[in-house]
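**Q** Every position in the first sequence, counted from 1, becomes a number in this note's numbering once 458 is added. The beta carbon of each residue, even a glycine, is placed where N, CA and C say it ideally should be.
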Amino acid sequence: MAKTQSDFFDQVFQVVRLIPKGRVTSYGAIANYLGAKSSSRVVGYAMNASHSQKEFVPAHRVLNRNGQLTGKHHFSTPYLMQELLEKEKIEVKNDTVVNLKKHYWDPAIELAL
DNA sequence: GTAATGACCTTGG
DNA sequence: ACCAAGGCCATTA
């Protein structure tokens with residue numbers, strides 16, 4: 459083991475990086491894919507540590523169950539997250555992703571194929 | 001070492 | 001249907 463953080467973190471980062479362009483997912487979905495749906499908080503915390511990661515992590519594609527940009531304030535700039543999502547052709551209204559169901563990407567399903 | 005917090009989700013009333 | 005509280009795991013103070 460001897461991991462700098464936890465394997466859970468690394469797994470989360472890997473999954474987040476695997477999120478296709480123009481797609482978004484939720485913390486619970488990743489946690490569920492890792493087999494820890496009850497630990498959805500840790501997934502969110504992992505995103506907080508994404509800044510410490512060497513590689514960039516598209517945390518802007520990770521939203522909560524409501525499709526809300528809860529962690530936009532943790533980015534370099536609160537507008538960065540929305541801007542990135544809009545660049546992905548994802549419509550964002552009131553800090554919330556529109557057509558979330560349409561852009562939703564579940565690793566437990568997509569990666570399970 | 002103990003206590004409190006956190007980019008959440010689920011369940012109970 | 002809506003509102004409230006609890007639970008889980010890891011990090012930081």
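Using CA coordinates, which residue listed in S496, K495, H518 and S510 is at the minimum distance from L476?
**A** Among S496, K495, H518 and S510, the Cα nearest to that of L476 belongs to H518.
**Q** Going by the DSSP bridge assignment, what does K551 pair with across the sheet?
**A** Paired residues: T554.
**Q** Indicate whether the contact test is met: 3 or more Cβ pairs, each with one atom in the stretch 563-571 and one in the stretch 476-491, closer than 8 Å.
**A** A contact exists between the stretch 563-571 and the stretch 476-491.
**Q** Counting Cβ pairs closer than 8 Å, one from the stretch 479-492 and one from the stretch 509-523, do we hit at least three?
**A** Because the criterion of three Cβ pairs below 8 Å is met, the stretch 479-492 and the stretch 509-523 touch.
**Q** Taking Cβ positions, are N506 and H531 nearer each other than 8 Å?
**A** Not in contact: N506 and H531 (Cβ atoms no closer than 8 Å).
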